[in-house]
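Let me begin by presenting the structure, written as structure tokens, before commenting on it.
Number of protein chains: 4
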Amino acid sequence: MIVVMEKDADRQELDEVLANIRKQNIEPVAIEEEGKTIIAINGKMEIEKTKGIEKILDISKPFKLVSRERKPEGTSIKIRNLEIGNGTFLLIAGPCSLETRDQAMESAKILKSLGVKVMRASVFKPRSSPYSFQGMGIEGLRILKNIREMTGLLVETEVMDVRDVKIASEHVDILRVGARNMQNYDLLKELGKVKTPVILKRGISATIEELLLAAEYILSSGNPNVILCERGIRTFETKSYRNTLDIGAIPVLKRLTHLPVIVDPSHAAGNRELVIPLSKAAVAAGADGLLVEMHPDPDKAWSDGEQSLFPRQLSQLIDEIKPLMQHG
Amino acid sequence: MIVVMEKDADRQELDEVLANIRKQNIEPVAIEEEGKTIIAINGKMEIEKTKGIEKILDISKPFKLVSRERKPEGTSIKIRNLEIGNGTFLLIAGPCSLETRDQAMESAKILKSLGVKVMRASVFKPRSSPYSFQGMGIEGLRILKNIREMTGLLVETEVMDVRDVKIASEHVDILRVGARNMQNYDLLKELGKVKTPVILKRGISATIEELLLAAEYILSSGNPNVILCERGIRTFETKSYRNTLDIGAIPVLKRLTHLPVIVDPSHAAGNRELVIPLSKAAVAAGADGLLVEMHPDPDKAWSDGEQSLFPRQLSQLIDEIKPLMQHG
Amino acid sequence: MIVVMEKDADRQELDEVLANIRKQNIEPVAIEEEGKTIIAINGKMEIEKTKGIEKILDISKPFKLVSRERKPEGTSIKIRNLEIGNGTFLLIAGPCSLETRDQAMESAKILKSLGVKVMRASVFKPRSSPYSFQGMGIEGLRILKNIREMTGLLVETEVMDVRDVKIASEHVDILRVGARNMQNYDLLKELGKVKTPVILKRGISATIEELLLAAEYILSSGNPNVILCERGIRTFETKSYRNTLDIGAIPVLKRLTHLPVIVDPSHAAGNRELVIPLSKAAVAAGADGLLVEMHPDPDKAWSDGEQSLFPRQLSQLIDEIKPLMQHG
Amino acid sequence: MIVVMEKDADRQELDEVLANIRKQNIEPVAIEEEGKTIIAINGKMEIEKTKGIEKILDISKPFKLVSRERKPEGTSIKIRNLEIGNGTFLLIAGPCSLETRDQAMESAKILKSLGVKVMRASVFKPRSSPYSFQGMGIEGLRILKNIREMTGLLVETEVMDVRDVKIASEHVDILRVGARNMQNYDLLKELGKVKTPVILKRGISATIEELLLAAEYILSSGNPNVILCERGIRTFETKSYRNTLDIGAIPVLKRLTHLPVIVDPSHAAGNRELVIPLSKAAVAAGADGLLVEMHPDPDKAWSDGEQSLFPRQLSQLIDEIKPLMQHG
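In the order they appear, the protein sequences are chains A, B, C and D.
When the letters of the first sequence are read in order and numbered with this note's numbering, they come out as residues 1141 to 1468.
When the letters of the second sequence are read in order and numbered with this note's numbering, they come out as residues 1141 to 1468.
When the letters of the third sequence are read in order and numbered with this note's numbering, they come out as residues 1141 to 1468.
When the letters of the fourth sequence are read in order and numbered with this note's numbering, they come out as residues 1141 to 1468.
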């Protein structure tokens, strides 16, 4: 269940509600959102409509705060001067990894010239092998901050270690949770302690419900700014592409949650030839944004080169999705 | 490898080519297509360019006749007065099962009024349980033929038993191979003996290569009129929809084969709410057509009612995919 | 529901029961088994316990005749002089394909010398590619019959085409339905018309319930002699073996059905190194038999050579599973 | 590649080898194991056999230190007074979660009475929902240590957060990485810094190669004491059990790596009825141990009650696997 307090409810009124819930041996979770206190309760109970309560919602799904029932009107998330969700589409693009200051700056310039407003670039790299390039680390965070200051582009990067959340949130505008860490609950809780928007990628074999519950971890820890990202699931088809883009997840998610839903066609594809058709499908199916890999010189990329678009291909992608946007 | 004979090559020239191949202990497969003889050879060999040979193609893939390399320009398949493929989009819609003459006629009228040109309706039903409705059988074929005569709609139905191929091909305009029978090779060979266009649905756990090899069975048995159909694959996600629509299969197939590729969003979805967004995604990703379930009264359908569109929803679907078509 | 008639129930008593069921607009399915008539009814209804009825079972599962509830004591199937199920273990081995009369006879001699009592060998081959060896066909059936006459070995082969069921049942002792045809319902119904025991292999992406419903097709068409076969399912793990042997399917099936359950470790493995450990696991998990590929000279096999055991490995397999049998 | 230094190689000899490698622009990884220095090199290079080098192994697989080629004789891991691997079987059992001091002590007594030597019990719980019981945390670690002191049982628990690795390693004898964290690389690196044996569970959709690379992270960070654990993978079969136990992974892993391989039948099963047959299959397939959930009163368990064995069932399991052990 969800209890939404009135905007001008005072501390005492809130405490009374919490006490009433605790009396029934259930521990409520209270978060702040748009000036209101929202209380999530796992389970079904009787709640008296005491003073200060705006409304009580009976949400039977295991996910509460992220559920569409809680916020039928949908959520648009603010990222500094930008927005995503509820009709506002956002394209995020950039190299898989931040490799050097020069590569980052060159990427940023290309993105600017194409009208892209947010640059992605990983500085902490989750690699299957311990012998692969593990990313630039903290130094990379500084470069990203510097890119924003110099170009005005917002910057986005992945965070993997709970100990990096705070510093990363001070350097970039969007934090990303990779597919491998979707159920790294300590990381999710730590991300709940900052207010930086978080892109939460679906695990390669996570069900849609598990994705929503992972998002619920972040919200119930205090950060309402979560963007969900479908990036392909693992199936028996391992030859034609890296993962199977679950296009049906977009309309399913849009019905179940009020959070924005974006698509990463690059990791699903695993090769750049599929990125444009997958992007078009995602837009037509109603995605609120795309997260696309582009590299100034893909053949020399330190990671994921085969799936990174050439700059001219990103330009083509932008041209091709534009007419679809109003129909998605 | 593929040997394409010239249009005016005579019997003797053909026999010489075949004899040369057999000398190397490989059995060639010869089919007729657009007035030419096409010879498929499994394996690599030296072929002398004797008289009557137009060209020799070195196709290393296990599928030969269906490969895009064999026919880079793509194929458009004629279905009586209609066409599909190579830029021509075709919408096929109708009830899951043909239930009664009245239900069929009512469906046909709705389709006509919406501008749909081909009606689907199964008369042989592959049902998981032997106790479920197994279809109207031969009587249903007669009704379908009658529908065409009375309305001008072309008609499409599934065939499951080798013994029904001939009679079915005499009654309907398109034969369908269901997902469960994609690797029923005797059925595929029998379908190679007629010229009726065949929609070949991908098995729920068939790889893309297996689908193409199944199509190769039909072509190498003599019928070049094959339309491939993606209809969702079986994955771990079993709660949100019936099968996972493999949207990436569309661009992958379009690159590998010259055959038209359509999508059945209804069976992938398993519920009607997802049919429109999946259809839009399919069109945007480049599908040549859709195969959609619509029932005059879905709540009373004898099979697959939950995934059948209401007539007004089919109308909405048509409206929503129209602006996407030129951009797919 | 299931109605079991008494052994000495007469025609009139049976007709009364059937009429009573039909009055409620449900079509009953009646089969003969061990001298009794068994009536399967899909759905729940009131049945009056008229004369001639031994018992009425309320089986809510979608599969009725195959359900363990219908026959808690389990079924042992007679195959000429042999038996399988209910504590009697049966090893079936032999080459993937019957290639020549000599290869078949050599295989048979090896099997005899190792104490194996049933030889497998496919004469109709379901191959992914139309250009691969398709089997010896009818001529192969004659060779198999001849093998039995000369060696006393029982013989087993796959049948794919409804038109081959009758002749195949006249030549061999066990018919096999391959994984690709598990849901080829016309084939299943045709197999219900003979009494030859049938090994029904699970489709590579069939659920356990779908396997049981496929078996229900055969039983409800009149043939109670069905042996289920787990042979690996298709998963994301495509590098280490061909299919993932679903070892858990054995205890699950044993609880749900009274039919014998065997395992084909060869097709699951796809390489011979795994066949022995998988066989041991199957026996320990309670399998009633094994279906194993052995070839006199695997490196020269026309199909599936890599997964065929060398004769000495089959001998080792037999030695290694023996001590496990009493503990399975 | 792998360079094994001699036991009495001195610092200067080691430095020369490392310098020679670095000259070729590759960063070597050096770890200590059984008194020797082992150097792992990713990639292929020329290495001069300078003084102090015992042997140079050309290992082409992406995993080096964990590969069977590196240590064909296999590894037996010491856990205080116990051992696992290389013929020594170890049974670990206990409740899913540590709930209270009393529940832990009661579990320990039951285990002692059954001859079990290691108790499992999670104090940090990775739960899909943020509203589920998250474990006792640090207080639970103290209880576990206390249990060991009072009963002599060794104790095992899961660790999820990098910040808990050190303290957990001071309190328990074996640390466990859960399936959700198999690719939480920062956690794996942190576990490389302690010497406590680590059970690394396979992710529900991790390939066997990915599991080995995850283990390589721990070894290459300095901890050679890794035990691999197969616990079921996610497939389309979601009704009959929780996950599909990949029994074939056992022989595949035994061939690819020298590390011990155990099986968790409880999480694969998801219900206690399957735990015994899966355990028997695992032993027969060659597993080096089992990790089984048992609860003094499963119906009252705070997590995973349905899959926890009753004490009498654990006793039965022990009886039933005993005769299989010598044949596994």
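Beta carbons are placed, not taken as given, at the ideal position from N, Cα and C, and that holds for glycine.
Being a predicted model, the structure only gives us computed values, none of them experimental.
Straight-line Cα distance separating residue j from residue i
i	j	result
glutamine 1447(B)	proline 1266(B)	17 Å
glycine 1255(D)	glutamate 1213(D)	29 Å
phenylalanine 1450(B)	alanine 1354(A)	36 Å
isoleucine 1161(C)	glycine 1192(C)	15 Å
glutamine 1466(C)	alanine 1424(D)	13 Å
lysine 1176(A)	proline 1400(A)	20 Å
leucine 1205(A)	lysine 1394(A)	14 Å
glutamate 1223(A)	lysine 1341(A)	19 Å
phenylalanine 1438(B)	glycine 1234(C)	Reading off the sequence shown, one finds proline at residue 1438(B), where the question assumed phenylalanine. Between proline 1438(B) and glycine 1234(C), the C-alpha separation is close to 51 Å.
glycine 1343(A)	tyrosine 1325(A)	13 Å
Element boundaries [beta strand (DSSP E), containing residue i]
i	result
glutamate 1223(A)	1222–1224
valine 1470(C)	No answer is possible for residue 1470(C): the residues shown for chain C start at 1141 and end at 1468.
alanine 1170(D)	1169–1173
valine 1143(D)	1142–1145
Nearest to residue i (by Cα), restricted to the options the options
i	options	result
glutamine 1274(A)	Arg1395(D), Lys1329(D), Glu1239(D), Glu1289(D)	Lys1329(D)
proline 1337(A)	Tyr1325(A), Leu1359(A), Ile1344(A), Val1302(A)	Leu1359(A)
leucine 1368(B)	Met1290(B), Ser1247(B), Val1295(B), Leu1351(B)	Leu1351(B)
threonine 1297(C)	Asp1304(C), Lys1306(C), Val1312(C)	Val1312(C)
isoleucine 1283(B)	Ile1339(B), Asn1324(B), Met1245(B)	Met1245(B)
serine 1268(B)	Gly1225(B), Asn1411(B), Gly1318(B)	Gly1318(B)
leucine 1230(C)	Gly1277(C), Asn1165(C), Leu1431(C)	Leu1431(C)
glutamate 1356(D)	Ser1262(A), Pro1270(A), Gly1332(A)	Pro1270(A)
arginine 1151(D)	Asn1221(D), Glu1172(D), Met1434(D)	Glu1172(D)
valine 1144(C)	Gly1183(C), Gln1453(C), Leu1197(C)	Leu1197(C)
isoleucine 1348(C)	Glu1377(D), Ser1443(D), Leu1331(D)	Glu1377(D)
glycine 1225(C)	Thr1397(C), Leu1315(C), Asp1444(C)	Thr1397(C)
arginine 1220(D)	Lys1257(D), Gly1227(D), Glu1239(D), Asn1165(D)	Lys1257(D)
Under 8 Å from the C-beta of residue i: neighbouring residues of chain C
i	result
arginine 1374(A)	Phe1376
Interface residues of chain B facing residue i [CB-CB closer than 9 Å]
i	result
serine 1269(C)	Asn1182, Pro1202, Phe1203, Leu1353, Glu1356, Tyr1357
proline 1417(C)	Residues of chain B passing the Cβ test: none, with the nearest at roughly 25 Å.
Close beta carbons around residue i, own chain, < 7 Å, minus the five adjacent residues each side
i	result
isoleucine 1199(C)	Met1141, Ile1142, Ser1207, Glu1209, Arg1210
serine 1345(B)	Ile1373, Arg1374
Cβ shell of residue i (< 8 Å), same chain only, five flanking positions each side left out
i	result
lysine 1420(C)	Glu1460, Ile1461, Leu1464
leucine 1327(C)	Val1299, Met1300, Asp1301, Val1302, Val1305, Val1317, Asn1321
threonine 1384(D)	Gly1372, Ile1373, Arg1374, Thr1375, Glu1377, Ala1408
Start and end residues, alpha helix (DSSP H) containing residue i
i	result
leucine 1315(D)	Premise fails: leucine 1315(D) lies in the beta strand (DSSP E), 1314–1317, not in any alpha helix (DSSP H).
lysine 1306(A)	1305–1311
valine 1263(D)	Run containing valine 1263(D): none; DSSP gives neither H nor E here.
glycine 1429(A)	That residue, glycine 1429(A), is in no alpha helix (DSSP H); its beta strand (DSSP E) goes 1429–1433.
Contact list for residue i against chain A, beta-carbon separation under 8 Å
i	result
histidine 1467(B)	Lys1420, Glu1460, Pro1463, Leu1464
alanine 1319(B)	Result: empty, since nearest Cβ-Cβ is about 14 Å, beyond 8 Å.
Cβ neighbours of residue i in the same chain (closer than 6 Å, five flanking residues each side left out)
i	result
glycine 1320(D)	Checking the displayed sequence, the identity of residue 1320(D) turns out to be arginine instead of glycine. Cβ neighbours of arginine 1320(D) beyond the five flanking positions: Pro1266.
proline 1405(A)	Val1415, Leu1418, Ser1419
alanine 1248(A)	Met1259, Ile1287, Thr1291, Leu1293
proline 1168(B)	Leu1158, Ile1161, Ile1179, Ile1181
valine 1299(D)	Val1305, Ala1308, Leu1315
Chain-ordered neighbours of residue i on chain C, where CB pairs are closer than 7 Å
i	result
glutamate 1349(D)	Lys1379
proline 1212(D)	Per Cβ cutoff of 7 Å: no residues; proline 1212(D) is ~16 Å from chain C at best.
Beta-carbon neighbours of residue i, restricted to chain D and to distances below 8 Å
i	result
serine 1443(A)	Correct list: empty, because the minimum Cβ distance to chain D is about 14 Å.
Residues that residue i contacts on chain D, provided the C-beta gap is smaller than 7 Å
i	result
aspartate 1326(A)	Met1300, Asp1301
- Task: Anything in the region 1290–1314 of chain D with a Cβ closer than 9 Å to a Cβ of chain G? List those residues in chain order, please.
- Result: In the structure shown, chain G cannot be found, because the protein chains are A, B, C and D.
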